[in-house]
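**Q**
Residue numbers (UniProt numbering): 1 to 254.
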């Protein structure tokens, strides 16, 4: 968010496509797949650990939390935690693929989100995961959160307390981000086109830096395709262009 705010000509189409749900399925990526497969194990580990120190512990799946006053701000914690001694908290689980064969003691230096302060491993407050956890607390209305880094051996848990001042700053940036970069797509001031062949966003003219990023519009089906996906090597001389699918369907050479 900070970097976007500082860039007058930021490339926002790709990010807007992700926010609006136009993104490729990455669940098959090894690191993502590993996290999905082990989130349940991590939750069970956390629940057993909590029950040794807390009363009437419940660790439950939860859906989407939405701020009533700003419905464009929402979060989905991995779990909602309850104990009789401390009330409700959120749980954020990370299963780092890079640490799959290490303990937290041996491997924390291999992450970009953990550091050591006075000999104690903790989450970096400058990292996006810290912002994620603080946002989850603010939006869900809880005052505490657990950040779990699950490993097959030697996991790590940190309890975090809500920082209201930090959240005020984050919320201001979220409002600015939505107003400046997302709202214009939702109300139709900006168009968002997804190439049907590669399922990637077609950039606006002002965002294009090379011919590889160019796209072309089919006058027949009204879709936009990247040049490489359409088999086009240079800007056509004609003012109109029809894609191969439409040409084949019509049985006509345009």
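Every residue, glycine too, gets a C-beta built ideally from N, C-alpha and C.
All values reported here derive from a predicted model rather than from experimental measurement.
Can you check which of these residues, 234, 39, 217 and 151, is closest to residue 242 by C-alpha distance?
**A** Within the chain shown, the letter at position 242 stands for residue 242. Nearest C-alpha to residue 242: 217.
**Q** Whole angstroms is fine: what's the gap from residue 32's alpha carbon to residue 38's?
**A** Counting from 1 along the chain shown, the entry for residue 32 is found at position 32. Counting from 1 along the chain shown, the entry for residue 38 is found at position 38. One C-alpha to the other measures close to 10 Å.
**Q** Between the C-alpha atoms of residue 244 and residue 236, what's the straight-line distance to the nearest angstrom?
**A** Stepping through the chain shown from its first residue, residue 244 is reached at position 244. Stepping through the chain shown from its first residue, residue 236 is reached at position 236. The alpha-carbon of residue 244 is positioned some 14 Å away from that of residue 236.
**Q** Kindly list the residues whose CB is nearer than 7 Å to the CB of residue 89, restricted to its own chain and excluding five residues on each side of it in sequence; keep chain order.
**A** As a first step, residue 89 is located in the chain shown; it is residue number 89 there, counting from the start. Answer for residue 89: 81, 142, 144, 145 and 146, listed in chain order.
**Q** If we call anything under 7 Å between Cβ atoms a contact, is residue 19 one with residue 182?
**A** One-based indexing of the chain shown puts residue 19 at position 19. One-based indexing of the chain shown puts residue 182 at position 182. At the C-beta level, residue 19 and residue 182 come within 7 Å of one another.
**Q** Using a Cβ-Cβ cut-off of 8 Å (strictly less than) and excluding sequence neighbours within five positions of residue 133, which residues of its own chain qualify?
**A** The residue labelled residue 133 in the question sits at position 133 within the chain shown. For residue 133, the CB contacts under 8 Å within the same chain, skipping 5 residues up- and downstream, are 90, 92, 123, 145, 147 and 160 in chain order.
**Q** Residue 202 and residue 229: beta carbons closer than 7 Å?
**A** Numbered from 1 along the chain shown, position 202 holds the residue referred to as residue 202. Numbered from 1 along the chain shown, position 229 holds the residue referred to as residue 229. Not closer than 7 Å, so no.
**Q** Which runs of the alpha helix (DSSP H) at least 4 residues long sit entirely within the segment 133–188? Give them in chain order.
**A** 164–177 and 183–186
**Q** Alpha carbon to alpha carbon, how far is residue 212 from residue 225?
**A** Looking up residue 212 in the chain shown gives position 212. Looking up residue 225 in the chain shown gives position 225. The alpha-carbon atoms of residue 212 and residue 225 are separated by roughly 12 Å.
**Q** Nearest to residue 42 by CA position, among 164, 179, 191 and 152, is which residue?
**A** Mapped onto the chain shown, residue 42 falls at position 42. Here the closest residue by C-alpha is 152.
**Q** Which residues does DSSP pair with residue 193 in a beta bridge?
**A** Position 193 of the chain shown holds residue 193. Residue pairing of residue 193 in beta bridges, as defined by DSSP: 202.
**Q** DSSP three-state label for residue 257, please.
**A** There is no way to answer for residue 257, as the model of the chain reaches only from 1 to 254.
**Q** How long is the line joining the alpha carbons of residue 129 and residue 56, rounded to whole angstroms?
**A** Reading the chain shown from its first residue, position 129 is the one you call residue 129. Reading the chain shown from its first residue, position 56 is the one you call residue 56. Going by the C-alpha atoms only, they are around 28 Å apart.
**Q** Considering only the alpha carbon of each residue, which of 84, 66, 98 and 54 lies closest to residue 30?
**A** Position 30 of the chain shown, counted from the start, is the residue given in the question as residue 30. Closest by alpha carbon: 98.
**Q** Rounded to the nearest angstrom, what separates residue 74 and residue 21 at their Cα positions?
**A** As a first step, residue 74 must be located in the chain shown, where it is residue number 74. As a first step, residue 21 must be located in the chain shown, where it is residue number 21. About 14 Å.
**Q** Rounded to whole angstroms, what is the Cα-Cα separation between residue 205 and residue 179?
**A** Walking along the chain shown from the start, residue 205 turns up at place 205. Walking along the chain shown from the start, residue 179 turns up at place 179. C-alpha separation (whole angstroms): 21 Å.
**Q** Leaving out five residues on either side along the sequence, give the residues of the same chain with a beta carbon under 7 Å from the beta carbon of residue 60.
**A** Here residue 60 is taken as the residue at index 60 of the chain shown, counted from 1. The answer, listed in chain order, is 79 and 80.
**Q** Kindly provide the ranges of any beta strand (DSSP E) runs that are 3 or more residues long and lie completely inside the segment 25–95, ordered along the chain.
**A** 58–60, 79–83 and 87–94
**Q** Taking the C-alpha atoms as reference points, what is the distance between residue 119 and residue 169?
**A** Stepping through the chain shown from its first residue, residue 119 is reached at position 119. Stepping through the chain shown from its first residue, residue 169 is reached at position 169. Distance between the alpha carbons of residue 119 and residue 169: 29 Å.
**Q** To the nearest angstrom, how far is it from the Cα of residue 135 to the Cα of residue 66?
**A** For the purposes of this step, residue 135 is identified with residue 135 of the chain shown, where counting begins at 1. For the purposes of this step, residue 66 is identified with residue 66 of the chain shown, where counting begins at 1. When rounded, the distance between both Cα atoms is 11 Å.
**Q** Going along the chain, which residues of its own chain have a beta-carbon closer than 7 Å to the beta-carbon of residue 84, five neighbours each way excluded?
**A** In the chain shown, counting from the first residue as 1, residue 84 sits at position 84. Answer for residue 84: 55 and 56, listed in chain order.
**Q** Return the CA-CA distance between residue 8 and residue 15, expressed in angstroms with no decimal places.
**A** If you number the chain shown from 1, residue 8 lands on position 8. If you number the chain shown from 1, residue 15 lands on position 15. With a pLDDT of 41 at residue 8, under the threshold of 50, the modelled position of this residue cannot be trusted; read the value that follows with caution. Straight-line Cα distance between these residues: approximately 15 Å.
**Q** Between residue 103 and residue 164, is the Cβ-Cβ spacing less than 7 Å?
**A** Your numbering for residue 103 matches position 103 in the chain shown. Your numbering for residue 164 matches position 164 in the chain shown. Not in contact: residue 103 and residue 164 (Cβ atoms no closer than 7 Å).
**Q** Given a threshold of 16 other Cβ atoms within 10 Å of its Cβ, counted over all protein chains shown, does residue 6 qualify as buried or as exposed?
**A** Along the chain shown, one-based indexing puts residue 6 at 6. Only weak support is given to the placement of residue 6: the predicted model assigns it a pLDDT of 41, under 50, and the question is left unresolved by the model.
**Q** Identify, in the order they occur along the chain, each residue of the same chain with its Cβ nearer than 6 Å to the Cβ of residue 167, setting aside the five sequence neighbours on each side.
**A** In the chain shown, the residue the question calls residue 167 occupies position 167. Excluding sequence neighbours, residue 167 sits near 134 and 138.
**Q** What are the boundary residues of the alpha helix (DSSP H) that residue 224 is part of?
**A** Looking up residue 224 in the chain shown gives position 224. Careful: residue 224 lies outside any alpha helix (DSSP H), inside the beta strand (DSSP E) at 224–226.
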